[in-house]
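Participant: This is the structure I have questions about; it appears just below.
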């Protein structure tokens, strides 16, 4: 059994706790949160603490705190064990205290209150020592996910791509949703279109899947759409995305 | 049986033909294409023509031609029957010849070579005479879809929203896909993230689903991402989308 300490009590940490409790390969021996009330619901046999100085010696420390807190939290962990953070956009070297460093980044979006599954989820794994890879590969598989060896440089690009796909993609849905609300159009009628958009992009490739007024340089429709947008910034964004599509397809 | 003539031989028309052949309420009696070779594969008992002057008298004409051709094609259809175009961004009044006009717009993205289903698909329906609504409602349901009474003004907004969701959404996938290729990252590892993005936006609402450096004003990560983008236009688009997210969430 790999003795494991969980550091942090956000959405991701709660799901790790949930899964690790069932594991036969990883034994969760302690859970830390600076706000102890966040972890008191954990089962009684699991040790909880709000003091980093009281962390138990373990084989693996999973740090699930905000990006900015990774350096200061890791600095206070004194151990011979492996210390891994779980952030996509943070370099391995930001881990300050421990000698055995790692990254264990689940490539997914996590929000409070949303259901979450690690099933088939890719975990990006990086370790200072090659001998530590295996432990995190095992962890990824134990959680139901898949393991991918990715260094900090490549992970930064992955994190950037995730911003385009998730953050920016969600924002377009937000803008569409607001336009629908404002015009008393039930957003549900767009669900089949949204579903097809991503199904088609993934099966045919997004280049082949592109359609619409931008691609066919249909200025009449573009002008009509712009006349329907009264928010200056969203109008600009429409123009910008339209020209970006046109440039991309001229390449 | 509603005698029906199909005008046009693009992707949408082919699927209409496919479905109508099976229908017991709508009888496809003729198929027009200006390029006759596109419709010669149709079953023998279906009359085909490349001459608008030879269109048969029917109860319903479904016009599936490009937006720009709708006016000129409809002008040449002499009939007492109902003439419907299927374009999202084109006003009902663009139908020039017939006295009984309608729009029958399937809210979906259609690409050559991609599988297509009308199952549960919303059709936006508009008619000059209220008495013609029923016919197109029946058609939507016969095709497996759902009927929605939507006037040209509202349909223009729906078409605009569809551009944000589909055209712009697909473009983000295209940019992400290209960045992945360029950095030798298999795009498949993003599939769970893409799936979750849209599932979460639809179940929790896109406002609640927003996460990422833009939302939390994490300028360090934003700057890091910008340093990874060498294309000036895509860099600008990143900045623009970031500030758009920030403005939206200040409202």
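Chains as they are written, first to last, in the numbering used here: chain A, 1 to 251; chain B, 252 to 502. In this text, a Cβ means the ideal position worked out from N, Cα and C, and glycines have one as well.
Label residue 284 (chain B) either buried or exposed according to how many other C-beta atoms from any shown protein chain fall within 10 Å of its C-beta, with 16 as the threshold for buried.
Facilitator: Mapped onto the second chain, residue 284 (chain B) falls at position 33. Looking at its Cβ environment, which holds 16 or more other Cβ atoms inside 10 Å, residue 284 (chain B) is buried.
Participant: For a cutoff of 7 Å on Cβ pairs, would you count residue 141 (chain A) as touching chain B?
Facilitator: Here residue 141 (chain A) refers to the residue found at position 141 of the first chain. With 7 Å as the cut-off, residue 141 (chain A) does not count as an interface residue toward chain B.
Participant: Taking C-beta pairs closer than 7 Å, name the residues in chain A that residue 447 (chain B) reaches, listed in chain order.
Facilitator: Within the second chain, numbered from 1, the residue matching residue 447 (chain B) stands at position 196. Going along chain A in sequence order, the residues near residue 447 (chain B) (Cβ under 7 Å) are 108 and 109.
Participant: For a test of the three-state rule: what should DSSP assign to residue 311 (chain B), helix, strand or coil?
Facilitator: Reading the second chain from its first residue, position 60 is the one you call residue 311 (chain B). Three-state DSSP puts residue 311 (chain B) in a strand.
Participant: Given this structure, state the Cα-to-Cα distance separating residue 222 (chain A) from residue 211 (chain A), to the nearest angstrom.
Facilitator: Looking up residue 222 (chain A) in the first chain gives position 222. Looking up residue 211 (chain A) in the first chain gives position 211. The straight-line gap from Cα to Cα measures roughly 13 Å.
Participant: Please check if any C-beta of chain B sits within less than 7 Å of the C-beta of residue 157 (chain A).
Facilitator: Taking the first residue of the first chain as position 1, residue 157 (chain A) is located at position 157. Cβ-Cβ to chain B under 7 Å: yes for residue 157 (chain A).
Participant: Spatial neighbours of residue 282 (chain B) within its chain, please: C-beta separation below 7 Å, excluding the five flanking residues on both sides.
Facilitator: Indexing the second chain from 1 puts residue 282 (chain B) at position 31. The answer, listed in chain order, is 257, 268, 290, 293, 297 and 299.
Participant: Compare the C-beta of residue 259 (chain B) against all C-beta atoms of chain A and say whether one is closer than 7 Å.
Facilitator: Here residue 259 (chain B) refers to the residue found at position 8 of the second chain. False, the Cβ-Cβ gap to chain A never drops below 7 Å.
Participant: With 7 Å set as the bound, which would you pick, yes or no: does the beta-carbon of residue 33 (chain A) sit closer than that to a beta-carbon of chain B?
Facilitator: The residue given as residue 33 (chain A) occupies position 33 in the first chain. Chain B, which has no Cβ nearer than 7 Å to the Cβ of residue 33 (chain A), makes this no.
Participant: How would you write the range of the beta strand (DSSP E) that residue 438 (chain B) sits in, first residue to last?
Facilitator: Working through the second chain from its first residue, we reach residue 438 (chain B) at position 187. It is not in any beta strand (DSSP E) - residue 438 (chain B) carries neither H nor E in the DSSP assignment.
Participant: So, using beta-carbon positions, are residue 209 (chain A) and residue 199 (chain A) closer together than 7 Å?
Facilitator: On the first chain, position 209 is the one that residue 209 (chain A) refers to. On the first chain, position 199 is the one that residue 199 (chain A) refers to. Not closer than 7 Å, so no.
Participant: Counting only Cβ pairs nearer than 7 Å, list the residues of chain A close to residue 419 (chain B).
Facilitator: Here residue 419 (chain B) refers to the residue found at position 168 when the second chain is read from its first residue. Those within 7 Å of residue 419 (chain B) in chain A are 172 and 241.
Participant: Hey, quick one: how far does the alpha helix (DSSP H) through residue 26 (chain A) stretch, first residue to last?
Facilitator: Along the first chain, read from residue 1 onward, the residue named residue 26 (chain A) stands at position 26. Premise fails: residue 26 (chain A) lies in the beta strand (DSSP E), 26-32, not in any alpha helix (DSSP H).
Participant: With a Cβ-Cβ cutoff of 7 Å, do residue 143 (chain A) and residue 64 (chain A) count as a contact?
Facilitator: Within the first chain, the letter at position 143 stands for residue 143 (chain A). Within the first chain, the letter at position 64 stands for residue 64 (chain A). No. Outside cutoff.
Participant: Three-state secondary structure (DSSP) at residue 225 (chain A)?
Facilitator: Here residue 225 (chain A) corresponds to residue number 225 of the first chain, with the count starting at 1. Residue 225 (chain A) falls in the helix class under three-state DSSP.
Participant: So what's residue 457 (chain B) in DSSP terms, helix, strand or just coil?
Facilitator: On the second chain, residue 457 (chain B) is found 206 positions in, with the first residue counted as 1. Here residue 457 (chain B) sits in helix by DSSP.
Participant: Any Cβ of chain B within less than 7 Å of the Cβ of residue 163 (chain A)?
Facilitator: Here residue 163 (chain A) refers to the residue found at position 163 when the first chain is read from its first residue. With 7 Å as the cut-off, residue 163 (chain A) counts as an interface residue toward chain B.
Participant: Do we get a CB-CB distance below 7 Å when we pair residue 193 (chain A) with the residues of chain B?
Facilitator: Numbered from 1 along the first chain, position 193 holds the residue referred to as residue 193 (chain A). Closer than 7 Å: yes.
Participant: What is the rounded straight-line gap between the Cα of residue 158 (chain A) and the Cα of residue 428 (chain B)?
Facilitator: Numbered from 1 along the first chain, position 158 holds the residue referred to as residue 158 (chain A). Numbered from 1 along the second chain, position 177 holds the residue referred to as residue 428 (chain B). Cα to Cα, residue 158 (chain A) sits roughly 11 Å from residue 428 (chain B).
Participant: For residue 425 (chain B), name the three-state secondary structure that DSSP assigns.
Facilitator: Position 174 of the second chain, counted from the first residue, corresponds to residue 425 (chain B). In this structure, residue 425 (chain B) counts as helix in the three-state DSSP scheme.
Participant: Tell me the start and end of each unbroken beta strand (DSSP E) in the region 288-360 of chain B that is at least 3 residues and wholly inside, in chain order.
Facilitator: Entirely contained in the region 288-360 of chain B, the beta strand (DSSP E) runs reaching 3 residues are, in chain order, 298-300, 311-314, 333-336 and 351-357.
Participant: Can you check whether the CB of residue 378 (chain B) is closer than 7 Å to the CB of residue 353 (chain B)?
Facilitator: Residue numbering aside, residue 353 (chain B) sits at position 102 when the second chain is read from its first letter. Residue numbering aside, residue 378 (chain B) sits at position 127 when the second chain is read from its first letter. Their beta carbons are under 7 Å apart, which means residue 353 (chain B) touches residue 378 (chain B) by this criterion.
Participant: Using the C-alpha atoms, what's the distance from residue 274 (chain B) back to residue 236 (chain A)?
Facilitator: On the first chain, position 236 is the one that residue 236 (chain A) refers to. On the second chain, position 23 is the one that residue 274 (chain B) refers to. In a straight line, the C-alpha of residue 236 (chain A) is about 46 Å away from that of residue 274 (chain B).
Participant: By DSSP, does residue 407 (chain B) sit in helix, in strand, or in coil?
Facilitator: As a working note, residue 407 (chain B) is residue 156 in the second chain. Three-state DSSP puts residue 407 (chain B) in a helix.
Participant: By the three-class DSSP mapping on this structure, what secondary structure does residue 217 (chain A) have?
Facilitator: Here residue 217 (chain A) refers to the residue found at position 217 when the first chain is read from its first residue. Here residue 217 (chain A) sits in coil by DSSP.
Participant: Going by the CB atoms, is the gap between residue 387 (chain B) and residue 355 (chain B) shorter than 7 Å?
Facilitator: Translated into the one-based positions of the second chain, residue 355 (chain B) becomes position 104. Translated into the one-based positions of the second chain, residue 387 (chain B) becomes position 136. Their beta carbons are under 7 Å apart, which means residue 355 (chain B) touches residue 387 (chain B) by this criterion.
Participant: State yes or no: is the C-beta of residue 440 (chain B) within less than 7 Å of the C-beta of residue 107 (chain A)?
Facilitator: Looking up residue 440 (chain B) in the second chain gives position 189. Looking up residue 107 (chain A) in the first chain gives position 107. Yes; because the gap between Cβ atoms is below 7 Å, this pair is in contact.
Participant: If we count the other Cβ atoms within 10 Å of its Cβ and call it buried at 16 or more, is residue 192 (chain A) buried or exposed?
Facilitator: Within the first chain, residue 192 (chain A) is the residue found at index 192, counting from 1. Burial call: buried.
Participant: Less than 7 Å between CB atoms is the rule here; does residue 327 (chain B) satisfy it with respect to chain A?
Facilitator: Position 76 of the second chain, counted from the first residue, corresponds to residue 327 (chain B). No, its Cβ sits nowhere closer than 7 Å to a Cβ of chain A.
Participant: For residue 148 (chain A), which residues in chain B fall below 8 Å Cβ to Cβ?
Facilitator: Locating residue 148 (chain A) in the first chain gives position 148, counting from the first residue. Under the 8 Å cutoff, chain B gives 440.
Participant: What does residue 210 (chain A) reach in chain B if we use C-beta pairs closer than 8 Å?
Facilitator: Numbered from 1 along the first chain, position 210 holds the residue referred to as residue 210 (chain A). Those within 8 Å of residue 210 (chain A) in chain B are 418, 421, 422 and 425.
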